[in-house]
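Chemist: First the structure, which I've put down as structure tokens, then a few questions once you've had a look.
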Amino acid sequence: MPNLGDATVGLDDDLTMIIERLTGPPSALDIVTISGMGGIGKTTLATQAYDHLAISDDQLAVLLKRKLKFRRYLVVVDDIWSMDTWDIMTRIFPDDNNGSRILLTTRQKEVAMYANPDSPPHEMNLLTLYESWKLLRDKVFGANIHSLSWRTLGSK
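In terms of full-length UniProt numbering, the sequence shown opens at residue 1 and continues consecutively.
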């Protein structure tokens, strides 16, 4: 039975079940979900399961590369901040000349240009004042607010 340490109570059985689901059949993609009220320990349980499996980043990279080899894939890599990190990531993705794509997001233009020096990065434009107000309004009040007083206040 897994040892959760002193910081957790009552999760031993849950951890055992989650680990069995993560490591057992089926071989097809299985989405293992944990649900429950806030504060009950969902994130703690997921972290404990991840730590228990003790798969290293190198092992994960090898497994992923093996799965992607000779397959066409689309992978989204979100929020890369450095060229060193990108260098590590690129080792994972095989180039089998089959139309695979990687969609990379970054705040750093230098990283974007480094990732693909042969193609200019798609640069996002800032929102206009109207678009900024519309986003704020929709997020805070919902899209159906038409009050002139709120519109006046929001545009200041």
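Beta carbons: idealized from backbone N, C-alpha and C, even for Gly.
Per the DSSP calculation, I102 is bridged to which residue(s)?
Modeler: V75
Chemist: Quick check for students: name the residue ranges of the alpha helix (DSSP H) that lie wholly in the region 33-57, counting only runs of 4 or more.
Modeler: Secondary structure within the region 33-57: the alpha helix (DSSP H) runs of 4 or more consecutive residues, fully enclosed, are 42-53 (chain order).
Chemist: Could you round the C-beta distance between K65 and P94 to whole angstroms and report it? I think they count as a contact, below 8 Å.
Modeler: 6 Å
Chemist: My understanding is that K67 touches D96, with C-beta atoms under 8 Å, so please give their C-beta distance in whole angstroms.
Modeler: Between D96 and K67 the Cβ distance is about 13 Å, and since that is not below 8 Å, they are no contact.
Chemist: Keeping to the same chain, check which residues put their C-beta closer than 7 Å to that of D58; ignore five residues upstream and five downstream.
Modeler: The beta carbon of D58 sits closer than 7 Å to none of the beta carbons in its chain outside the five residues before and after it.
Chemist: How would you label T106, buried or exposed, when you count the other beta carbons within 10 angstroms and need 16 or more for buried?
Modeler: Answer is buried; the Cβ neighbour count reaches 16.
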